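With the numbering used here applied, the sequence shown corresponds to residues 159 to 246, in that order.
Structure first, then comments.
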Amino acid sequence: MRRSEALNLLDDDVDVQGRGLIIRQTKFRKSRQLPLHPSTVTVLLAYRRERDRHWPRTKAQPFFVGRTDIPLSGDTLQSVFAELRRGP
């Protein structure tokens, strides 16, 4: 998944029941579905619950937001993913 694709994810694009992401704005302008591992689904659900406690969402709003309820920048997203890859 490209950084821009992650930044453009909407809440409705994250299908935890179907265990997949819908990538709508791809490099080649074609939508695609990306399957998710169950452990990834668990993390995304936890993120969604925590985010929604602070800033309730609609399905058409960005999935990833910062502490001030604005979409994450590319640099911030890259830092977060790097930290997640390192693990606990």
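Note that beta-carbon positions come from the ideal geometry of N, C-alpha and C, so glycine has one too.
If you're wondering where the values come from, they're calculated on a predicted model, not measured in any experiment.
DSSP places P196 in the uninterrupted alpha helix (DSSP H) bounded by P196 to H212.
Residue environment analysis places F221 among the buried positions, since at least 16 neighbouring C-beta atoms fall within 10 angstroms of its C-beta. In this structure, V199 lies near V174, with their beta-carbon atoms less than 8 Å apart. R207 sits away from V223, with the two beta carbons spaced by 8 Å or more. G224 carries a coil assignment under DSSP once its states are collapsed to helix, strand and coil.
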